[in-house]
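S.K.: Before I ask anything, let me first share the structure, which is written out below as structure tokens.
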Amino acid sequence: EIVLTQSPGTLSLAPGARATLSCRASQSVNTIYFAWYQQRRGQSPRLLIYSSSTRATGIPDRFSGSGSGTDFTLTISRLEPEDFAVYYCQQYAESPYTFGQGTKVEIK
Amino acid sequence: EVRLVESGGGLVQPGGSLRLSCAASGTTFSSDAMSWVRQAPGKGLEWVSRITNSGASTFVAESVKGRFTIFRDNPKNMLYLQMNSLKAEDTAIYFCARGPSFHAMDVWGQGTTVTVSS
Chain A
1 EIVLTQSPGT
11 LSLAPGARAT
21 LSCRASQSVN
31 TIYFAWYQQR
41 RGQSPRLLIY
51 SSSTRATGIP
61 DRFSGSGSGT
71 DFTLTISRLE
81 PEDFAVYYCQ
91 QYAESPYTFG
101 QGTKVEIK
Chain B
109 EVRLVESGGG
119 LVQPGGSLRL
129 SCAASGTTFS
139 SDAMSWVRQA
149 PGKGLEWVSR
159 ITNSGASTFV
169 AESVKGRFTI
179 FRDNPKNMLY
189 LQMNSLKAED
199 TAIYFCARGP
209 SFHAMDVWGQ
219 GTTVTVSS
């Protein structure tokens, strides 16, 4: 099983700041099968990024993904109020299609 | 617009059974792989099971293997999760989602809550 470890657990930032979220895999993951999701409080998860760096439909360009091998990054260039949420990484290269434990981005 | 609507959650005693349903609309359902993902109270996301578009192949997490079965009815645009021998640790919100495919899990339902308690 591929274990995904996200860091930090919580990120405290002010609106307008840049957020950098990390996800490390226990073994190399094909970049084609790596995704990021956002989950706001009380809502279902929403796909942000697939194939490591491709924004999903309707996702603003302040969200960007990068990485390869075992290290992947989600960057939010300038935090908007609606961006304060929990973010999960996921590999879908092989079953089980594991998620990271999540990074909470909170208002400082 | 693609829409997924789950139903069938509720309160069940340990050892009991429950069947969750997910109704899909706005998509060619028979072309879509589908999954169930759960989220225990205050916890993160856990992938539970996936089924290919035809239903010929299924995949299941170790934590539910032998107890949960995913299946689908393509003519009815329905996805199901049969849950048997339920345990307290199965208490969670259960989401159905399209994929993962090349586009990951790109559509999610609103979730249905399962509570396993005596």
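Top line first, the protein sequences correspond to chains A and B. Mapping of the first sequence onto our numbering: residues 1 to 108, in sequence order. Mapping of the second sequence onto our numbering: residues 109 to 226, in sequence order. Here a beta-carbon is modelled for each residue, glycine too, at the ideal position from N, C-alpha and C.
Should ILE107 of chain A go down as buried or exposed, given a rule of 16 or more other Cβ atoms within 10 Å for buried?
M.R.: The residue in question, ILE107 of chain A, is exposed, as its Cβ has fewer than 16 Cβ neighbours within 10 Å.
S.K.: Closer than 7 Å by C-beta to ASN30 of chain A: which residues in its own chain qualify, once you throw out the five before and the five after it? Chain order, please.
M.R.: Only ALA93 meet the Cβ criterion.
S.K.: Could you give the distance in angstroms between the alpha-carbon of LEU4 of chain A and the alpha-carbon of GLN91 of chain A?
M.R.: Approximately 8 Å between the Cα atoms of the pair.
S.K.: Along the chain, where does the beta strand (DSSP E) that runs through ILE159 of chain B open and close?
M.R.: First-last of the beta strand (DSSP E) with ILE159 of chain B: 153-159.
S.K.: Identify which residue in B:SER139, B:GLY150, B:LEU126 has its Cα closest to the Cα of GLN190 of chain B.
M.R.: When each option's Cα is compared against that of GLN190 of chain B, the closest is B:LEU126.
S.K.: Mind checking who GLU106 of chain A pairs with in its DSSP beta bridge?
M.R.: Its beta-bridge partners are A:SER12.
S.K.: Which ranges does the beta strand (DSSP E) cover as unbroken runs of at least 3 residues, wholly within the stretch 127-214 of chain B, from first to last along the chain?
M.R.: If we require 3 residues or more, the beta strand (DSSP E) runs fully inside the stretch 127-214 of chain B come out as 142-147, 153-159, 166-168, 176-181, 186-191, 200-206.
S.K.: Is the stretch 179-187 of chain B touching the stretch 7-19 of chain A in the sense that three or more CB pairs, one from each, lie closer than 8 Å?
M.R.: Touching, no, given that fewer than three Cβ pairs across the two stretches are closer than 8 Å.
S.K.: Consider the Cβ of PHE72 of chain A: report whether some Cβ of chain B lies at a distance smaller than 8 Å.
M.R.: Output row for PHE72 of chain A: interface = no.
S.K.: Output yes if chain B places a C-beta closer than 8 Å to the C-beta of GLN101 of chain A; else output no.
M.R.: Chain B contact via Cβ: present.
S.K.: What does SER95 of chain A touch in chain B if you count any residue whose Cβ is under 9 Å from its own?
M.R.: Chain B residues near SER95 of chain A: TRP155, ARG158, PHE167, VAL168, ALA169.
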